[in-house]
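Colleague: The numbering of the sequence shown is our numbering, which starts it at 89 and goes up by one.
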Amino acid sequence: MATLPRPHWQNWSGSVSAHPRIIEQPHTIDELARTIGDYGRSGRHVRVVGSGHSFTPLVQTDDILLSLAHIQGIDTIDNDQSTVTVLAGTTLKVLGQTLLQHGLAQENLGDIDVQSIAGAISTGTHGTGTRFGNLATQVVGLTLITANGDVLECSETQHPDIFKAAQVSLGALGIIAKVTLRVVPAKRLRFKSRREHLQSCLTNLERYKQENTHFEFFWMPHTEWVQAKFLNETDAAITGSNLWGTFNEVMLENGLYWLLSESCRLVPRLSKAISHISAMGIASVDEVDYSHRLYATQRAVRFQEMEYNIPAEHFQSVLAEIRACIDKQNIRVHFPVECRFVHADDIWLSPAYQRTSAYVAVHMYRGMAYRAYFKQIEAIFRRYEGRPHWGKMHTQNAASLAQLYPHWQDFLRVRAILDPHGLFLNDYLRQLLHVDVNPDNATSSH
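See the structure below:
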């Protein structure tokens with residue numbers, strides 16, 4: 089009898105691929121719990137996949153890959169408590185559209201909206217704005233399927249330790265089936281974007297952060313220019329995208345940028361010139377729309393990414409070192425360096441745990457050499473107590489991470505209780521968490 093080939097899975101950037109034994113796609117939470125209970129008893133290993141936008145091998149497995157693509161939608165809305173309970177596979181884009189129909193919105197979002205809600209919170213996905221934490225701070229409760237198929241309701245008052253561990257969990261505790269989010273009334277934002285001189289942006293940085301609901305900027309390597317983005321709540325009427333804004337996003341930021349990026353891939357020495365061309369192409373945009381439509385941007389040009397959280401007070405020093413490194417080493421990179429700002433939180437494995445934060449992300453076009461660049465920039469981040477974004481490339485290990493996260497051992501303790509035989513671990517997580525699991529010795533964490 090012929091052996092059928094295993095399914096093939098690859099993440100968005102192409103940095104991770106897998107050939108799982110089976111891809112499970114349950115349609116209900118009951119079916120999900122039964123499936124997990126069965127696999128838990130059989131000694132298998134299960135990883136959950138969302139939209140595949142993580143750059144790290146968090147879901148890579150040669151055993152069971154489980155998709156929540158069919159477990160989508162809003163479960164309940166509690167107008168008195170201003171919360172909504174959402175099924176875990178719901179994408180942020182669909183959630184935003186559905187919330188708007190009910191006159192509601194999420195407090196904040198990141199710069200893409202294709203992720204599932206469970207995947208986004210599990211990796212610490214964030215947006216920008218000094219009054220806002222990462223997306224996991226919007227979570228007030230969640231439903232967790234544990235390794236034996238039990239269904240746990242978790243919140244600040246129900247299993248509070250599990251809740252703090254599960255808000256940003258890397259999928260290592262169990263499978264999140266539902267998430268209860270704090271929401272706000274639907275809001276309109278005014279989005280302004282412009283080219284600005286880097287030194288002007290840095291001189292005005294604190295004012296920009298304080299005077300705008302959301303502020304971020306993208307520095308174009310090898311240039312003195314940034315794209316500065318401002319988002320503020322408004323009562324003004326919706327304008328939608330103006331013609332130039334739409335052309336800029338669809339054609340310049342994606343179509344033309346893809347052509348320029350391909351040129352850099354084929355002839356890397358063009359990177360500096362193309363970064364200058366990109367800087368000169370930054371459009372001035374001024375539009376009003378509902379918040380969920382403006383937070384996210386299209387990302388058709390694929391890349392590899394590393395992002396670190398650093399204490400906000402070190403931001404300018406870090407950026408200065410990154411600039412000096414790129415110039416001194418003449419690093420051939422044309423993708424911008426993205427800079428965002430996030431409020432502190434109390435979530436155990438959140439990179440923003442107990443510190444007002446800046447996030448700095450570096451990118452390299454897919455197909456171009458990135459490891460040497462990322463290695464040099466990561467060394468800068470680490471000198472400033474940098475904590476890596478869990479879904480983006482880094483080289484940290486359990487020993488170094490334990491020094492960065494005061495609740496690291498607490499997280500490992502909760503993981504060992506919920507999943508003593510490592511149902512939800514893959515090779516990457518075993519190494520990252522330094523967990524050794526075998527059937528005879530339930531769990532030992534080092």
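A virtual CB, placed ideally from N, CA and C, is assigned to each residue, including glycine.
To which residues of the same chain is isoleucine 398 closer than 6 Å at the C-beta, ignoring the five residues directly before and after it?
Modeller: What you label residue 398 is simply residue 310 of the sequence shown in a count that begins at 1. Counting only Cβ-Cβ distances below 6 Å, and skipping sequence neighbours, we find Val406, Ala446, Tyr472, Gly474.
Colleague: Here's the rule I'm using: 16 or more other beta-carbon atoms within 10 Å means buried, otherwise exposed. How should alanine 487 be labelled?
Modeller: Here the question's residue 487 lines up with position 399 in the sequence shown. With fewer than 16 other Cβ atoms within 10 Å, it is exposed.
Colleague: Please list the terminal residues of the continuous alpha helix (DSSP H) segment that includes alanine 460.
Modeller: Position 372 of the sequence shown, counted from the first residue, corresponds to residue 460. Element bounds for alanine 460: 459-471.
Colleague: Quick check: the Cα distance between leucine 154 and histidine 522, rounded to an integer number of angstroms?
Modeller: As a first step, residue 154 must be located in the sequence shown, where it is residue number 66. As a first step, residue 522 must be located in the sequence shown, where it is residue number 434. One C-alpha to the other measures close to 24 Å.
Colleague: Taking histidine 380 as part of the beta strand (DSSP E), name the residues at either end of that continuous run.
Modeller: Taking the first residue of the sequence shown as position 1, residue 380 is located at position 292. Counting along the chain, histidine 380 falls outside any beta strand (DSSP E), though it belongs to the alpha helix (DSSP H) covering 379-383.
Colleague: What three-state label does DSSP hand methionine 368 in the structure shown?
Modeller: Position 280 of the sequence shown holds residue 368. In this structure, methionine 368 counts as helix in the three-state DSSP scheme.
Colleague: Under 9 Å between the Cβ atoms of phenylalanine 391 and tyrosine 453?
Modeller: Here residue 391 is taken as the residue at index 303 of the sequence shown, counted from 1. Here residue 453 is taken as the residue at index 365 of the sequence shown, counted from 1. Yes, the Cβ-Cβ distance between phenylalanine 391 and tyrosine 453 is below 9 Å.
Colleague: Jot down the residue ranges of each uninterrupted beta strand (DSSP E) in the segment 404-434, minimum 3 residues, whole runs only, in chain order.
Modeller: List check, beta strand (DSSP E) in window: 425-430.
Colleague: Assuming contact is defined by CB atoms lying nearer than 9 Å, are serine 349 and isoleucine 362 in contact in what I supplied?
Modeller: Translated into positions along the sequence shown, residue 349 becomes position 261. Translated into positions along the sequence shown, residue 362 becomes position 274. Contact flag set, yes.
Colleague: For the candidate residues Ser130, Val172, Ala157, whose alpha-carbon lies nearest to that of glycine 140?
Modeller: Stepping through the sequence shown from its first residue, residue 140 is reached at position 52. Glycine 140 has its Cα closest to that of Ala157, out of Ser130, Val172, Ala157.
Colleague: Assuming glutamine 287 is part of the alpha helix (DSSP H), what are its boundary residues?
Modeller: Here residue 287 corresponds to residue number 199 of the sequence shown, with the count starting at 1. Its alpha helix (DSSP H) spans residues 286-291.
Colleague: Shortest alpha-carbon distance to serine 105 belongs to which of Ile124, Phe143, Pro114?
Modeller: In the sequence shown, residue 105 corresponds to position 17, counting from 1. Ranking the options by Cα distance to serine 105, first place goes to Phe143.
Colleague: Please confirm whether serine 204 and threonine 178 have their CB atoms less than 9 Å apart.
Modeller: Locating residue 204 in the sequence shown gives position 116, counting from the first residue. Locating residue 178 in the sequence shown gives position 90, counting from the first residue. Against a cut-off of 9 Å, the Cβ pair of threonine 178 and serine 204 comes out as a contact.
Colleague: According to DSSP, what are the bridge partners of methionine 394?
Modeller: For the purposes of this step, residue 394 is taken as residue 306 along the sequence shown, with counting starting at 1. Answer is Val450, bridged to methionine 394.
Colleague: With three or more C-beta pairs closer than 8 Å as the rule, is the segment 180-193 touching the segment 415-429?
Modeller: No: fewer than three Cβ pairs fall under 8 Å.
Colleague: Leucine 290 and leucine 319 look like a contact to me (Cβ under 8 Å); what is the Cβ gap, rounded to whole Å?
Modeller: The count along the sequence shown starts at 1 and reaches residue 290 at position 202. The count along the sequence shown starts at 1 and reaches residue 319 at position 231. Leucine 290 to leucine 319, Cβ: 20 Å. No contact.
Colleague: Cutting at 6 Å between CB atoms, please list the residues of its own chain near isoleucine 517, excluding the five before and the five after it.
Modeller: In the sequence shown, residue 517 corresponds to position 429, counting from 1. For clarity, residue 517 is leucine in the given sequence; the question names isoleucine instead. If we look at leucine 517 and ignore the five residues flanking it on each side, its Cβ neighbours are Ala260.
Colleague: Please confirm whether serine 281 and serine 372 have their CB atoms less than 9 Å apart.
Modeller: The count along the sequence shown starts at 1 and reaches residue 281 at position 193. The count along the sequence shown starts at 1 and reaches residue 372 at position 284. Cβ atoms of serine 281 and serine 372: closer than 9 Å.
Colleague: Among the residues of its own chain, which have a CB less than 6 Å from the CB of glutamine 484, if the five just before and after it don't count?
Modeller: Along the sequence shown, read from residue 1 onward, the residue named residue 484 stands at position 396. These residues qualify, in order along the chain: Pro476.
Colleague: If distances are taken between C-alpha atoms only, which option among Arg270, Ser379, Phe429 comes closest to phenylalanine 303?
Modeller: Mapped onto the sequence shown, residue 303 falls at position 215. The candidate whose alpha carbon is nearest that of phenylalanine 303 is Phe429.
Colleague: For glutamine 98, which three-state DSSP category applies?
Modeller: Locating residue 98 in the sequence shown gives position 10, where the first residue counts as 1. Three-state DSSP puts glutamine 98 in a strand.
Colleague: Going along the chain, which residues of its own chain have a beta-carbon closer than 7 Å to the beta-carbon of alanine 224, five neighbours each way excluded?
Modeller: The residue you call residue 224 lines up with position 136 of the sequence shown. If we look at alanine 224 and ignore the five residues flanking it on each side, its Cβ neighbours are Ile209, Gly212, Gln255, Val256, Ile435, Ser438.
Colleague: What does DSSP give as the partner residues of threonine 179 in its beta bridges?
Modeller: Within the sequence shown, residue 179 is the residue found at index 91, counting from 1. DSSP, once it has assigned bridges, lists Ser204 as partnering threonine 179.
Colleague: Would you identify the three-state DSSP class for alanine 254, choosing helix, strand or coil?
Modeller: Taking the sequence shown and counting its residues from 1, the one referred to as residue 254 is at position 166. Looking at alanine 254 - three-state DSSP - the assignment turns out to be helix.
Colleague: Could you tell me if leucine 354 is buried or exposed, where buried requires 16 or more neighbouring beta carbons within 10 angstroms of its beta carbon?
Modeller: As a position in the sequence shown, residue 354 is number 266, starting the count at 1. With fewer than 16 Cβ atoms within 10 Å of its Cβ, leucine 354 is classed as exposed.
Colleague: Taking the alpha helix (DSSP H) that glutamine 491 belongs to, which residues open and close that run?
Modeller: Stepping through the sequence shown from its first residue, residue 491 is reached at position 403. Counting along the chain, the alpha helix (DSSP H) containing glutamine 491 begins and ends at 486-492.
Colleague: Quick one: what's got a C-beta closer than 7 Å to leucine 358's C-beta in the same chain, skipping five residues either side?
Modeller: Position 270 of the sequence shown, counted from the start, is the residue given in the question as residue 358. Counting only Cβ-Cβ distances below 7 Å, and skipping sequence neighbours, we find Ser351, Cys352.
Colleague: Check whether the Cβ atoms of glutamate 466 and methionine 368 sit closer than 9 Å, and answer yes or no.
Modeller: Locating residue 466 in the sequence shown gives position 378, where the first residue counts as 1. Locating residue 368 in the sequence shown gives position 280, where the first residue counts as 1. It is not a contact, given that the beta carbons lie outside the stated cut-off.
Colleague: Can you give the beta carbon distance from tyrosine 201 to alanine 440, rounded, assuming they're within the 8 Å contact cut?
Modeller: Position 113 of the sequence shown, counted from the start, is the residue given in the question as residue 201. Position 352 of the sequence shown, counted from the start, is the residue given in the question as residue 440. Correcting the residue type first, residue 201 is aspartate in the shown sequence and not tyrosine. Actually they are not in contact, since the Cβ atoms of aspartate 201 and alanine 440 sit about 20 Å apart, beyond 8 Å.
Colleague: Measure the CB-CB distance between valine 502 and aspartate 249 and report whether it falls below 9 Å.
Modeller: Position 414 of the sequence shown, counting from 1, holds the residue named residue 502. Position 161 of the sequence shown, counting from 1, holds the residue named residue 249. Yes, the pair counts as a contact, with Cβ atoms nearer than the cut-off.
Colleague: With a cut-off of 8 Å on the beta carbons, I'd call glycine 138 and glycine 207 a contact; round off their distance for me.
Modeller: The sequence position of residue 138 within the sequence shown is 50, counting from 1. The sequence position of residue 207 within the sequence shown is 119, counting from 1. Right, their Cβ atoms sit about 3 Å apart.
Colleague: With H, G and I counted as helix, E and B as strand and the rest as coil, what does DSSP make of leucine 154?
Modeller: In the sequence shown, residue 154 corresponds to position 66, counting from 1. Strand at leucine 154.
Colleague: Please report how far the alpha carbon of aspartate 199 lies from the alpha carbon of tryptophan 307, in whole angstroms.
Modeller: To locate residue 199, count along the sequence shown from 1; it is residue 111. To locate residue 307, count along the sequence shown from 1; it is residue 219. Spanning the two alpha carbons is a distance of roughly 16 Å.
Colleague: Excluding five sequence neighbours on each side, which residues of the same chain lie with their C-beta closer than 8 Å to the C-beta of glutamine 298?
Modeller: Reading the sequence shown from its first residue, position 210 is the one you call residue 298. Answer for glutamine 298: Thr218, listed in chain order.
Colleague: In chain order, which continuous runs of the beta strand (DSSP E) of length 3 or greater are located wholly inside the segment 105-154?
Modeller: Correct list: 110-112, 134-137.
Colleague: Could you round the C-beta distance between tyrosine 461 and isoleucine 419 to whole angstroms and report it? I think they count as a contact, below 8 Å.
Modeller: Here residue 461 refers to the residue found at position 373 when the sequence shown is read from its first residue. Here residue 419 refers to the residue found at position 331 when the sequence shown is read from its first residue. Confirmed, Cβ separation roughly 5 Å.
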